[in-house]
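Contents: one structure, followed by commentary.
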Amino acid sequence: MADMKVYFDNNATTPLHPEVKKEMIAAMEMFGNPSSMHSYGREARANVENARRKVADFIGATEKEIIFVGSGSEANNTVLSLFVCGSSQCIPGSKMRSSIITTKIEHPCVLETSECLGHRGVRVKYLDVDQYGKVDLDQLAGMLADDVGLVSIMMANNEIGTLQDIETISKMVHASGALMHTDAVQAVGKVPVNVSKLGIDFLTISAHKIYGPKGVGALFVKKGVPYCPLIRGGHQELGRRAGTENTLGILGLGKAVEMRAIEMPEEEERLLELKYILRNGIEESIDDIHFNGHPTDALASTLNVSFTGVEGEAILLYLDIEGIAVSTGSACASGSLDPSHVLLATGVDAELAHGSIRFSMGRESSRKEVDYLLNVLPGIIERIRNMSTAYIKGGLHAAGR
Amino acid sequence: MLQAGEWAYSETLKEHFMNPKNILQGENTDEFDGVGMEGNLQCGDQMMVVIKVDKEKEVITDCQWKTYGCASAIASTSILSEMVKGRTLDEAFHISPKEVAQALGGLPDHKIHCSVLGDKALRAAINNYYTRNGQEDKVKKEQSKVICQCMSITDHDIEDAVLEGARTYFELQERTKLGTVCGQCKEEAEVLLEKFKHIHFGV
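As they're listed, the protein sequences go chains A and B.
Taking my numbering as reference, the numbering of the first sequence is continuous, increasing by one, and the terminal residue is 401.
Taking my numbering as reference, the numbering of the second sequence is continuous, increasing by one, and the terminal residue is 1203.
Structure follows, in structure tokens:
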């Protein structure tokens, strides 16, 4: 068995913060339906609204602008689905502005919903990104026209960590008369996010990426912005999202953002330092590597590296044997035949995308863990390369050495 | 609560992944009698198989390999290299992906395609041996038949598509573009689709 357990897959999900766990255990005693008028209901209502206040405060919104939802994916689906309405009842002018713009590096819940909207008559335009994963602002300027109703661009990319300049993009989008959404699931709680500074209309939050529970998220909808629910049939969440509130999850999310507000500023610096130690350590001990994502404009926690001549799933599983958890952009790990769409969009060739590993650290990550990884990784890469066709006579990389 | 489950792989496969047998050390293949390579790095799988042959008996005495690929690709080449030792060239030539998968204790459906390159590379190595030894007449071409004339899709392409996950005629079309022009091959393609589904997945 492995000497150490190292969890470097925090962009996939995070462990519950101990304070969140405490809050949720206490909340298990509270079973009332927030819609009930009796004391049980009023207790639940008071706590749900308290959590809403915490979420609103954390991103500089007002309470009425926060809708609790079942996941980040649900929030993204809700926003994109506003634009398939055949009538103009909910979204005035949506018939005239029936195109949407998004990017090639979004999460599948945005890309697949966009594709589906395409089948339902919406025109979807996809922005390219540069080698670091940054959206091409000139291309965006060219795409923005009076037929565009919504622009949806993620704030931080889950695979490579690259951050977009949402503030600038919002200004461009609003100048053209369209609405602006950002999937900030990987950004909120990791970098400062203030909705009025960003100037956005919609923003997506997920609890389980920031040490909260799974199955709960929040959607910010700016006051006065047209809206139509995806899940109908109840007066909950001011009629904006039907279904009895997930009180346990909502309280967990409230506590999670409360803890983020306290811990985030110091943590970012610490993680950034760990990332540079990890990055330099890999660079010094392993040849033929390629770092993916933006060198500076990126999440402090995320480092994505491609190892030439090595397939990612093999690395992932050998690391798993050593007790280290990471993820890969290789096709084999995804069950599809294509490697990471994000890496391909940055212009990385398919072989490097197959050989990519994402290390995503979190609040519990330590120098000791980084050192352990750096101790184990070079041997694993060497071992796999020793059995790889990429490193034989006449092989692709042998020639370059 | 349950503990972490095992990998999606069998114990045999895991053992061959963790301790692969017969890896070709270094880069030199000169001492081998046949060399075969299949696949490419861009697709995420590439395998090379090298063999030594007892020329009197036409029996494979040693088999080594290199593989670029995932755990099931590595393990399937490893177990294949064990399986072929002692077999005649003719026997080895007819090892199917299904036999390899069975020897590994089964493979998840979406991983079958990772293991098909090993036996292809082995056949290439055997053909290479024949060519080197002036026995070109014995070189066996992969016999294939064009099913879709318009898009030039063969029965092998259909088999590959099934191994890569196609289960319905529509999925077959998505992967191969077969039958998307005149559509006359639909019936024959559907028969082959069912045949390969049965051969590889028993459905």
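Where a beta carbon is used, it is the ideal one built from N, C-alpha and C, also for glycine.
How long is the line joining the alpha carbons of residue i and residue j, rounded to whole angstroms?
i               : j               : result
I160 (chain A)  : I315 (chain A)  : 18 Å
G249 (chain A)  : P15 (chain A)   : 14 Å
L251 (chain A)  : K1098 (chain B) : 52 Å
P18 (chain A)   : I100 (chain A)  : 41 Å
A44 (chain A)   : L238 (chain A)  : 16 Å
M155 (chain A)  : N194 (chain A)  : 12 Å
S152 (chain A)  : Y1129 (chain B) : 58 Å
I200 (chain A)  : V185 (chain A)  : 15 Å
L1163 (chain B) : M1001 (chain B) : 36 Å
M21 (chain A)   : G1118 (chain B) : In the sequence as displayed, the identity of residue 21 (chain A) is Lys instead of Met. Taking the straight line from one Cα to the other gives about 49 Å.
L338 (chain A)  : G362 (chain A)  : It is Asp, not Leu, that sits at residue 338 (chain A) in the sequence shown. About 28 Å.
N1028 (chain B) : Y132 (chain A)  : 39 Å
N77 (chain A)   : C1063 (chain B) : 53 Å
G118 (chain A)  : M28 (chain A)   : 43 Å
G320 (chain A)  : T1168 (chain B) : The question names Gly, yet the displayed sequence has Asp at residue 320 (chain A). Looking at the two C-alpha atoms, the distance is approximately 35 Å.
M387 (chain A)  : Q1046 (chain B) : 11 Å
E1252 (chain B) : I384 (chain A)  : In this structure chain B extends from 1001 to 1203, so residue 1252 (chain B) is not present and cannot be described.
K1052 (chain B) : E1058 (chain B) : 10 Å
E369 (chain A)  : F359 (chain A)  : 12 Å
M180 (chain A)  : P108 (chain A)  : 19 Å
T328 (chain A)  : K1111 (chain B) : 16 Å
Which chain B residues are close to residue i, counting only those with a beta carbon under 9 Å from its beta carbon?
i              : result
A116 (chain A) : Note that residue 116 (chain A) corresponds to Cys in the displayed sequence, not to Ala. The contacting residues do not exist; C116 (chain A) stays about 17 Å from chain B at best.
S330 (chain A) : G1044, C1070
P339 (chain A) : G1044
Measuring CA to CA, which of the options is closest to residue i?
i               : options                            : result
P226 (chain A)  : A:K214, A:R240, A:A300             : A:R240
G323 (chain A)  : A:L377, A:S73, A:D146, A:A218      : A:L377
T204 (chain A)  : A:I25, A:A75, A:V48                : A:A75
E311 (chain A)  : A:G355, A:N157, A:S327, A:D320     : A:G355
Y391 (chain A)  : B:S1072, B:L1041, B:N1127          : B:L1041
R1087 (chain B) : B:T1067, B:I1126, B:E1188          : B:I1126
G379 (chain A)  : A:H107, A:Q131, A:F359, A:F307     : A:F307
V257 (chain A)  : A:S340, A:G217, A:T302, A:L144     : A:G217
L274 (chain A)  : A:L373, A:P34, A:M28               : A:L373
K125 (chain A)  : A:C109, A:A2, A:G142               : A:G142
K5 (chain A)    : A:T389, A:R385, A:D371             : A:D371
T182 (chain A)  : A:D165, A:A175, A:S176             : A:D165
F211 (chain A)  : A:E23, A:A2, A:D3                  : Residue 211 (chain A) is actually Tyr in this sequence, not Phe. Selected option, being the one with the closest Cα: A:E23.
L198 (chain A)  : A:S206, A:K222, A:P295, A:R367     : A:K222
E1038 (chain B) : B:K1055, B:H1113, B:A1071          : B:H1113
K1138 (chain B) : B:C1182, B:Y1068, B:G1183, B:L1089 : B:L1089
Which residues in the same chain as residue i place their Cβ atom closer than 8 Å to its Cβ, once the five residues preceding and following it in sequence are excluded?
i               : result
R1132 (chain B) : D1033, G1034
R42 (chain A)   : G32, S36
H294 (chain A)  : Y132, G133, K134, I160, G161, T162, L163
Find the residues of chain B that neighbour residue i, judging by a C-beta separation of less than 7 Å, and give them in chain order.
i              : result
M387 (chain A) : P1020, I1023, K1066, T1067, I1074
G309 (chain A) : Y1068
H354 (chain A) : G1044
L127 (chain A) : What L127 (chain A) touches in chain B: nothing, since even the nearest Cβ is about 25 Å away.
Once you ignore the five residues that flank residue i on each side, which residues in its own chain have a CB closer than 6 Å to its CB?
i               : result
R401 (chain A)  : Because R401 (chain A) sits at a pLDDT of 42, beneath the cut-off of 50, its placement in the model cannot be relied upon, and the following sentence gives the value as read from the coordinates. Correct list: empty, nothing qualifies.
R424 (chain A)  : Residue 424 (chain A) is absent from the model: chain A starts at 1 and stops at 401.
S402 (chain A)  : Residue coverage of chain A in this structure runs from 1 to 401, which leaves residue 402 (chain A) outside it and unanswerable.
V69 (chain A)   : A75, G217, L219, R241
S1108 (chain B) : The amino acid occupying residue 1108 (chain B) in the given sequence is Pro; Ser does not appear at that position. Result list for P1108 (chain B): A1008, in chain order.
L299 (chain A)  : A156, G161, K190
K1066 (chain B) : L1024, M1048
I1158 (chain B) : L1192
V79 (chain A)   : H181, F202
Looking only at its chain, what residues have a beta carbon closer than 7 Å to the beta carbon of residue i, apart from the 5 residues adjacent to it on each side?
i               : result
A399 (chain A)  : Confidence is the limiting factor: at A399 (chain A) the pLDDT is only 44, short of 50, which leaves the residue's position unreliable, though a coordinate-based value still follows. Cβ neighbours of A399 (chain A) beyond the five flanking positions: none.
H208 (chain A)  : T13, T14, K214
A1103 (chain B) : I1079, M1083
S1096 (chain B) : D1119
Quick one: list the residues of chain A neighbouring residue i, beta-carbon separation under 9 Å, in chain order.
i               : result
M1047 (chain B) : T389
Could you tell me which chain B residues have their CB closer than 8 Å to the CB of residue i, listed as they occur along the chain?
i              : result
E313 (chain A) : C1070, A1071
I321 (chain A) : M1018
L343 (chain A) : The contacting residues do not exist; L343 (chain A) stays about 13 Å from chain B at best.
Could you work out which residues of chain A lie near residue i, taking near to mean beta carbons separated by less than 8 Å?
i               : result
M1037 (chain B) : T389
C1063 (chain B) : The premise fails here: C1063 (chain B) is roughly 14 Å from chain A at the closest Cβ pair, so nothing lies under 8 Å.
C1150 (chain B) : None at all; the shortest Cβ gap to chain A is about 24 Å.
Specify whether the segment 138 to 150 of chain A and the segment 283 to 297 of chain A touch according to this definition: at least 3 beta carbon pairs, one from each stretch, less than 8 Å apart. no
Quick one, which residues of the segment 273 to 307 of chain A are near chain D if we go by CB-CB under 8 Å, in chain order? Here chain D cannot be found, since the structure's protein chains are A and B.
How do the segment 1062 to 1081 of chain B and the segment 1006 to 1022 of chain B stand: do at least 3 beta-carbon pairs fall below 8 Å, yes or no? yes
Are the segment 1138 to 1158 of chain B and the segment 1171 to 1179 of chain B touching, with three or more C-beta to C-beta distances below 8 Å? yes
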